[in-house]
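Enquirer: In the working numbering, the protein residues as written are 861 to 1169. Sharing a structure below in structure tokens format, with a few things to ask.
Here's what the structure looks like:
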């Protein structure tokens, strides 16, 4: 079933006039994990998703689902569920009607519509017109539409946009559950902390080019060294003790110190042997945000063009 549901992007290029929005990109999105699709706005994420869904035609290369072009799928909602534009629902329809129309065109029973209204927390507003929905409700409706056909492939563009904190936790759990059920889940975002909370794997684009395609933990650890966070009432004594053991401490504005390339237990032992009072001691986890900024900074330097006069 793997090949049936993976998204395959092969040497994909899309030009708009003289601008290359997507530039010779190749990657696969596999089932059973949540793939975070990262990059700044304008990096080519939405364009790539539109190409996969057949909403745009590539200049060259291919984007297929289970080896087939989206346009050739019968009853596509049963194969692929996508949320690309939360504003897509017709404003004068009710939430329930919007889903029923979609269901009918893909031979999906009405009871599935009721299940999803329940599942996405929209039952109480199902009779209201979509134009009265908040952005968060529209996001939920868009997600309900994406899941309607019980698809093996789910593609969501910035799904936590406009959601309240409760909605953000809800979507995080939903994504993890969909992946655990063996589906292929691709979620684009420019929110690092958010992506770090649900992604297993990352595909990173910058200026239309592929910068990374790797498990999230590897992406972070390849770029950011974990360290130790420590706070003391006697910084001089602490620095001295650390220096004697070959460690360097970096001071932060709020008064804590970071010791890079070190483990909590060794630093704790050094400080206590030196009789230094410790007010705080913790492992400093490497974050996706740091790793991402590190990658894009290196990339910006690498691609920096001389400014045109």
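Don't be surprised by glycine CBs; every beta carbon is placed ideally from N, CA and C.
Across which residues does DSSP place residue 1044 in a beta bridge pair?
Expert: BP columns for residue 1044 point to 893 and 1013.
Enquirer: Locate the alpha helix (DSSP H) running through residue 1133, then write down its first and last residues.
Expert: From DSSP, the alpha helix (DSSP H) with residue 1133 extends over 1124-1133.
Enquirer: Using the DSSP secondary-structure output, state which residues sit across from residue 1092 in a beta bridge.
Expert: Per DSSP, 1138.
Enquirer: For residue 872 and residue 880, I'd like the C-alpha separation in whole angstroms.
Expert: Their backbone Cα atoms lie some 11 Å apart in a straight line.
Enquirer: Roughly how many angstroms separate the alpha carbons of residue 1122 and residue 1072, rounded to a whole number?
Expert: Each residue's Cα considered, the two are about 27 Å apart.
Enquirer: Quick test of the definition: if touching needs 3 or more C-beta pairs under 8 Å, does the region 1082-1091 touch the region 894-912?
Expert: No: fewer than three Cβ pairs fall under 8 Å.
Enquirer: Following the continuous beta strand (DSSP E) through residue 932, name the residue where it begins and the one where it ends.
Expert: Counting along the chain, residue 932 falls outside any beta strand (DSSP E), and DSSP gives it neither H nor E.
Enquirer: Quick check: what's the CA-CA separation for residue 1043 versus residue 1107?
Expert: Taking the straight line joining both Cα atoms gives about 46 Å.
Enquirer: Just to confirm, is the Cβ distance from residue 941 to residue 1006 under 7 Å?
Expert: Yes. Within cutoff.
Enquirer: Suppose the cutoff is 6 Å on Cβ atoms and the five residues either side in sequence are ignored; what does the same chain contact list for residue 924 look like?
Expert: Within the same chain, residue 924 has close Cβ partners 868.
Enquirer: Do you know offhand how far residue 861's Cα is from residue 964's?
Expert: Caution is warranted here: a pLDDT of 41 is assigned to residue 861, below 50, making its placement in the model unreliable, and no coordinate value can be reported.
Enquirer: Are there three or more Cβ pairs, one per stretch, closer than 8 Å when the region 1011-1020 is compared with the region 980-995?
Expert: Flag = no, the region 1011-1020 and the region 980-995 do not touch.
Enquirer: Buried or exposed: which applies to residue 992, given that a residue is buried once 16 or more other Cβ atoms fall within 10 Å of its Cβ?
Expert: When all chains shown are included, residue 992 counts as exposed.
Enquirer: From residue 913 to residue 1080, what distance separates their C-alpha atoms?
Expert: Rounded to whole angstroms, residue 913 to residue 1080 spans 30 Å at the Cα level.
Enquirer: Would you mind giving the Cβ-Cβ distance between residue 1008 and residue 976, rounded to the nearest angstrom? I have them listed as a contact below 8 Å.
Expert: About 6 Å separates the two Cβ atoms, so the contact holds.
Enquirer: Which residue from 1037, 1076 and 1135 puts its Cα closest to that of residue 1055?
Expert: Per the Cα distances, 1076.
Enquirer: Here's the rule: buried if 16 or more other CB atoms are within 10 angstroms of the residue's CB, otherwise exposed. What is residue 1066?
Expert: Classification for residue 1066: buried.
Enquirer: Residue 911: which of 894, 886, 1147 and 1000 sits nearest, CA to CA?
Expert: Residue 911 has its Cα closest to that of 886, out of 894, 886, 1147 and 1000.
Enquirer: Using 8 Å as the threshold, is the region 1127-1147 in touch with the region 1087-1104, meaning 3 or more CB pairs across them?
Expert: The answer is yes - the region 1087-1104 touches the region 1127-1147, with three or more Cβ pairs under 8 Å.
Enquirer: Please confirm whether any heavy atom of the ligand PLP lies closer than 6 Å to the CB of residue 1021.
Expert: Of the ligands one can find in the structure shown there are none, so the ligand PLP has no counterpart to examine.
Enquirer: In terms of residues, what are the limits of the alpha helix (DSSP H) holding residue 1004?
Expert: Residue 1004 -> alpha helix (DSSP H) spans 995-1007.
Enquirer: Note down the Cα distance separating residue 959 from residue 1052, rounded to an integer number of angstroms.
Expert: Whole-angstrom Cα-Cα distance: 31 Å.
Enquirer: Give every residue of the same chain whose Cβ lies closer than 8 Å to the Cβ of residue 1170, excluding the five residues on either side of it in the sequence, and list them in chain order.
Expert: One cannot answer for residue 1170 here, as it falls past the ends of the chain, which runs 861 to 1169.
Enquirer: From what residue to what residue does the alpha helix (DSSP H) around residue 912 run?
Expert: It spans 905-912 - the alpha helix (DSSP H) in which residue 912 sits, taken as one unbroken run.
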